[in-house]
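Student: Under our numbering, think of the first position of the sequence shown as 11, with each following residue one higher.
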Amino acid sequence: MKIHTGLPQFVAEISSNHNRSLDRCIQFLDKAAEIGCSAAKFQLFKIDQLFAPEILERSEEHRRRKAWELPVSFLPDLAARCRQKGIHFGCTPFYLKAVEELLPFVDFYKIASYELPWHDLLRACGRTGKPIILSTGMATMDEVRAAVNVLKNSGCKDLTLLHCVSAYPTPAAECNLSAIKTFYTAFGNKPSSMSLHFGWSDHSVSPAVIYRAVHRWNAELIEFHLDLDGRGEEYASGHCWLPDTIRQVIQSVRFGFEADGNGRKTPPPSELSDRDWRSDPHDGLRPVMKTREEWRRLTARKAYDR
Numbered sequence: 011m012k013i014h015t016g017l018p019q020f021v022a023e024i025s026s027n028h029n030r031s032l033d034r035c036i037q038f039l040d041k042a043a044e045i046g047c048s049a050a051k052f053q054l055f056k057i058d059q060l061f062a063p064e065i066l067e068r069s070e071e072h073r074r075r076k077a078w079e080l081p082v083s084f085l086p087d088l089a090a091r092c093r094q095k096g097i098h099f100g101c102t103p104f105y106l107k108a109v110e111e112l113l114p115f116v117d118f119y120k121i122a123s124y125e126l127p128w129h130d131l132l133r134a135c136g137r138t139g140k141p142i143i144l145s146t147g148m149a150t151m152d153e154v155r156a157a158v159n160v161l162k163n164s165g166c167k168d169l170t171l172l173h174c175v176s177a178y179p180t181p182a183a184e185c186n187l188s189a190i191k192t193f194y195t196a197f198g199n200k201p202s203s204m205s206l207h208f209g210w211s212d213h214s215v216s217p218a219v220i221y222r223a224v225h226r227w228n229a230e231l232i233e234f235h236l237d238l239d240g241r242g243e244e245y246a247s248g249h250c251w252l253p254d255t256i257r258q259v260i261q262s263v264r265f266g267f268e269a270d271g272n273g274r275k276t277p278p279p280s281e282l283s284d285r286d287w288r289s290d291p292h293d294g295l296r297p298v299m300k301t302r303e304e305w306r307r308l309t310a311r312k313a314y315d316r
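#1: Express the C-alpha separation of residue 22 and residue 84 in angstroms, rounding to a whole number.
#2: Are the beta-carbon atoms belonging to residue 25 and residue 235 less than 7 Å from one another?
#3: When the Cα atoms are used, what is the spatial distance from residue 226 to residue 209?
#4: Residues in the same chain with beta-carbon distance under 6 Å from residue 73, minus the five sequence neighbours each way, listed in chain order, please.
#5: Whole-angstrom Cβ separation of residue 170 and residue 231, contact assumed at under 8 Å?
#6: Who are the Cβ neighbours of residue 239 in its own chain at under 8 Å, not counting the five residues just before and after it?
#7: If you follow the alpha helix (DSSP H) that residue 213 is in, where does it begin and where does it stop?
#8: Hey, residue 214 and residue 246 are a contact pair by Cβ (cut 8 Å); roughly how many whole angstroms apart?
#9: For residue 117, does the three-state DSSP call read helix, strand or coil?
#10: Out of curiosity, what's the CA-to-CA distance linking residue 117 and residue 289?
#11: Do residue 194 and residue 249 have their C-beta atoms within less than 7 Å of each other?
#12: List the endpoints of the continuous beta strand (DSSP E) containing residue 52.
#13: I'd like the list of long-range same chain contacts for residue 354, defined as Cβ closer than 6 Å, with 5 residues on each side in sequence excluded.
#14: Cutting at 7 Å between CB atoms, please list the residues of its own chain near residue 207, excluding the five before and the five after it.
#15: Apart from the five residues just before and just after residue 102, which ones in its own chain have a Cβ nearer than 6 Å to its Cβ?
#16: Does residue 184 pass the burial test, meaning 16 or more other C-beta atoms within 10 Å, or should it be called exposed?
#17: Just verifying my parser: in three-state terms, what is the DSSP assignment at residue 103?
#18: Taking Cβ to Cβ, would you say residue 211 is nearer than 7 Å to residue 243?
#19: Which value, in whole angstroms, describes the spacing of the CA atoms of residue 138 and residue 281?
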């Protein structure tokens, strides 16, 4: 996935907020494009291949997640809609066959924090040659290094590492955004056959956290959970953004980069007209003599016209 645009890229994580409705999925993709996202992603899982049998036998809460499964039959329509809207389509595989099922459709794979230790899944994604985004919630630095090596050795050429805290929602005080710098230090300056980028997977729903990740810690990609209307399965957990709120954040981030300018100290077009209203060097009065002369001529012309 090309993120070398000079601006941070935003990825909308739909997660399980689609409510198994294709129409709702399409609405998500349309909204992601409208608010300025570069990509949208879903999750492909089957609960009997996500949780161990002893968990499903004893936990009604986990069995209810059957209703969160994304039908594989949706994939062609979702990929086509993303192409139509000019955004990338990605998905997280949670079982090995899902990697193969997603291959014809996705522009990138996302590997979730919970699956970071499952190296067989990492290898399967790496072998596809597609770009990979890897979240690192709950992981130690040794585990992150091991995962990066597995992906590199399996053929991954384009990896984006996301610092992440797997708390839903994440308190701002626990975001530890400076870990993004740790990634840059550990991986960013070393020659490698793999293109590496770094970012933040947000569960804080805090504009301040995203601004800090981008402007202080140079996050190149921001992933966030999106809900359309507060009626998604995950919205009540408190880690999902609504469209109008995240839209303002995306716009503000981009306005901030626009404000950097080119560094040359010259008057921009918006202030050129005021240059002639500065103090004149000879008497310190405003405006400069040239402008005063123009006003005198204008006044004389008006008097003549009367």
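For glycine and all other residues, C-beta sits at the position ideal for the given N, C-alpha and C.
Note that this is a predicted model, so its numbers are computed, not measured.
Tutor: Taking the structure as given:
#1: Indexing the sequence shown from 1 puts residue 84 at position 74. Indexing the sequence shown from 1 puts residue 22 at position 12. The alpha-carbon atoms of residue 84 and residue 22 are separated by roughly 18 Å.
#2: The count along the sequence shown starts at 1 and reaches residue 25 at position 15. The count along the sequence shown starts at 1 and reaches residue 235 at position 225. Contact flag set, yes.
#3: Translated into positions along the sequence shown, residue 226 becomes position 216. Translated into positions along the sequence shown, residue 209 becomes position 199. Their Cα atoms are separated by approximately 12 Å.
#4: Here residue 73 is taken as the residue at index 63 of the sequence shown, counted from 1. A distance below 6 Å between beta-carbons, with the five flanking residues on each side excluded, links residue 73 to the following residues of its chain, in chain order: 66.
#5: As a first step, residue 170 must be located in the sequence shown, where it is residue number 160. As a first step, residue 231 must be located in the sequence shown, where it is residue number 221. Right, their Cβ atoms sit about 5 Å apart.
#6: In the sequence shown, the residue the question calls residue 239 occupies position 229. Around residue 239, the same chain offers 252 as residues with beta carbons nearer than 8 Å, after the five sequence neighbours per side are excluded.
#7: In the sequence shown, residue 213 corresponds to position 203, counting from 1. Membership of residue 213 in any alpha helix (DSSP H) is not indicated, and neither H nor E is assigned to it by DSSP.
#8: The count along the sequence shown starts at 1 and reaches residue 214 at position 204. The count along the sequence shown starts at 1 and reaches residue 246 at position 236. Their Cβ separation, rounded to whole angstroms, is 17 Å, which puts residue 214 and residue 246 out of contact at 8 Å.
#9: In the sequence shown, the residue the question calls residue 117 occupies position 107. In the structure shown, residue 117 falls within a coil segment according to DSSP collapsed to helix, strand and coil.
#10: Counting from 1 along the sequence shown, the entry for residue 117 is found at position 107. Counting from 1 along the sequence shown, the entry for residue 289 is found at position 279. Going by the C-alpha atoms only, they are around 59 Å apart.
#11: Within the sequence shown, the letter at position 184 stands for residue 194. Within the sequence shown, the letter at position 239 stands for residue 249. Between residue 194 and residue 249, the C-beta spacing is not below 7 Å.
#12: The sequence position of residue 52 within the sequence shown is 42, counting from 1. Looking at the DSSP string, the run of the beta strand (DSSP E) that includes residue 52 is 49–54.
#13: Coverage of the chain is limited to positions 11 through 316, which leaves residue 354 absent and any answer about it impossible.
#14: For the purposes of this step, residue 207 is identified with residue 197 of the sequence shown, where counting begins at 1. The residues are 13, 170, 230, 231.
#15: Position 92 of the sequence shown, counted from the start, is the residue given in the question as residue 102. Within its own chain, the residues whose Cβ lies closer than 6 Å to the Cβ of residue 102, once the five positions on either side in sequence are excluded, are 53, 120, 122, listed in chain order.
#16: Along the sequence shown, read from residue 1 onward, the residue named residue 184 stands at position 174. So residue 184 counts as exposed.
#17: For the purposes of this step, residue 103 is identified with residue 93 of the sequence shown, where counting begins at 1. For residue 103, the secondary structure class from DSSP, reduced to helix, strand or coil, is strand.
#18: Stepping through the sequence shown from its first residue, residue 211 is reached at position 201. Stepping through the sequence shown from its first residue, residue 243 is reached at position 233. No, the Cβ-Cβ distance between residue 211 and residue 243 is not below 7 Å.
#19: One-based indexing of the sequence shown puts residue 138 at position 128. One-based indexing of the sequence shown puts residue 281 at position 271. Cα-Cα distance, rounded: 53 Å.
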